[in-house]
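Visitor: Using our numbering, the letters of the sequence shown correspond one by one to residues 3 to 245.
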Amino acid sequence: MKWITLTLICTGWVLFLLPGCGSECIPRENRLLIFLDQTDPTVFEAIRSNATQLVNKELRRFFPCEPCLGGRLKVVQVRDNCQNKPLLKMGFPALPNEVDPNGILPKDYQNFLKGLKGFQLDSMPTGFQKTCLYEPLCQELTELTEGQQGMGKTQVVIYSDMLENNGDRGTSLYAQKNLEADSFELQLIKRFKLVLPDLKDVEIHLVNHRNTQNDDQVRYACSLWKAIFERHGAKVIGPKAVY
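1) Under 8 Å Cβ to Cβ from residue 69, same chain only, skipping five residues before and after it: list those, please.
2) Return the CA-CA distance between residue 154 and residue 145, expressed in angstroms with no decimal places.
3) Is it buried or exposed, residue 241, if we count other Cβ atoms within 10 angstroms and call 16 or more buried?
4) With three or more beta-carbon pairs closer than 8 Å as the criterion, would you say the region 105-119 touches the region 53-69?
5) Within 10 Å of its beta-carbon, does residue 39 have 16 or more other beta-carbons around it, so buried, or fewer, so exposed?
6) Quick check: what's the CA-CA separation for residue 204 versus residue 221?
7) Tell me the rounded alpha-carbon separation between residue 17 and residue 140.
8) In this structure, does DSSP put residue 30 in helix, strand or coil?
9) Which class does residue 191 belong to by DSSP, given the choice of helix, strand or coil?
10) DSSP state of residue 197, grouped into three classes?
11) Can you tell me where the alpha helix (DSSP H) holding residue 112 begins and where it ends?
12) So, are the CB atoms of residue 35 and residue 166 less than 8 Å apart?
13) Compute the Euclidean distance between the alpha carbons of residue 137 and residue 58, then round it to the nearest angstrom.
14) Please work out which residues of its chain come closer than 6 Å, Cβ to Cβ, to residue 158, disregarding the five sequence neighbours upstream and downstream, and give them in chain order.
15) Quick one: grab the DSSP three-state call for residue 138.
16) Please list, in chain order, all residues of the same chain as residue 107 whose beta carbon is under 7 Å from its beta carbon, the five residues on each side excluded.
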């Protein structure tokens, strides 16, 4: 019995003295992308209020003060030239293992929270003629998911009517009303020479400013995009309406 007790004590000391044993943790990083597609300027005030409220009030739960947890947030708006304009891009590194949520927070984390509190989404200029979705969204999702699988939570909030109106042929894909998701995606890949990344463990929220119950084309477009995202492994929530 004494031999067993002595063995357990010695084993405990060995584990305690091993470098990092019992004190190391794997750094994680929660990532969130808020993607604002060109939309009807007349309803953008509602979207601006919704998106700003999300950034200002809701993200503390998504980026909690936890040991070994870092965060990355990006808010991007697609302009009329189909190029993305980052409106807010910030983050904080993985917090120390001994961080105390009720104590003095690390400076990086304090600055991150101040950035969230001070964010206000600007008004959208009027007169947009295009809705650019697939190309800029592919680029943002590729950047968002790079090296992320299994290392934290990844969410995307897309404010869009989910229509691809980039050019004269933009709406023709939806006009057919008989395309399956795989055929629809193949046409997009052929047109833009881009492929969506692996979206496993990514949660995508669709927020639509149109009434999907009364607009057949928008409802059809949302169903196609939802199926495409799910084909790449994402969990899709919505569309939720914003008026």
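Glycine included, every Cβ here is placed at the ideal spot set by N, Cα and C. This one's a predicted model, so the numbers in the text were calculated from it and none came from an experiment.
Guide: According to the structure data:
1) Stepping through the sequence shown from its first residue, residue 69 is reached at position 67. If we look at residue 69 and ignore the five residues flanking it on each side, its Cβ neighbours are 27, 97, 98, 99, 100, 101.
2) The residue given as residue 154 occupies position 152 in the sequence shown. The residue given as residue 145 occupies position 143 in the sequence shown. About 15 Å.
3) Residue 241 sits at position 239 when you count from the first residue of the sequence shown. The residue is buried, with at least 16 neighbouring Cβ atoms inside 10 Å.
4) yes
5) Along the sequence shown, read from residue 1 onward, the residue named residue 39 stands at position 37. Buried, because 16 or more other Cβ atoms sit within 10 Å of the Cβ of residue 39.
6) Position 202 of the sequence shown, counted from the start, is the residue given in the question as residue 204. Position 219 of the sequence shown, counted from the start, is the residue given in the question as residue 221. The alpha-carbon atoms of residue 204 and residue 221 are separated by roughly 22 Å.
7) If you number the sequence shown from 1, residue 17 lands on position 15. If you number the sequence shown from 1, residue 140 lands on position 138. Its pLDDT being 37, under 50, residue 17 is placed unreliably by the model, and nothing is read from it.
8) Looking up residue 30 in the sequence shown gives position 28. Residue state, collapsed to three classes: strand.
9) Stepping through the sequence shown from its first residue, residue 191 is reached at position 189. Correct three-state label for residue 191: helix.
10) In the sequence shown, counting from the first residue as 1, residue 197 sits at position 195. Residue state, collapsed to three classes: coil.
11) To locate residue 112, count along the sequence shown from 1; it is residue 110. Note, residue 112: alpha helix (DSSP H), 109-120.
12) Taking the sequence shown and counting its residues from 1, one reaches residue 35 at position 33. Taking the sequence shown and counting its residues from 1, one reaches residue 166 at position 164. Taking 8 Å as the Cβ cut-off, residue 35 and residue 166 do not qualify as a contacting pair.
13) By one-based count along the sequence shown, residue 137 stands at place 135. By one-based count along the sequence shown, residue 58 stands at place 56. Rounded to the nearest angstrom, the two C-alpha atoms are 28 Å apart.
14) Reading the sequence shown from its first residue, position 156 is the one you call residue 158. 35, 206, listed in sequence order.
15) Counting from 1 along the sequence shown, the entry for residue 138 is found at position 136. Here residue 138 sits in helix by DSSP.
16) In the sequence shown, counting from the first residue as 1, residue 107 sits at position 105. Excluding residues within five positions, the ones whose Cβ falls inside 7 Å are 67.
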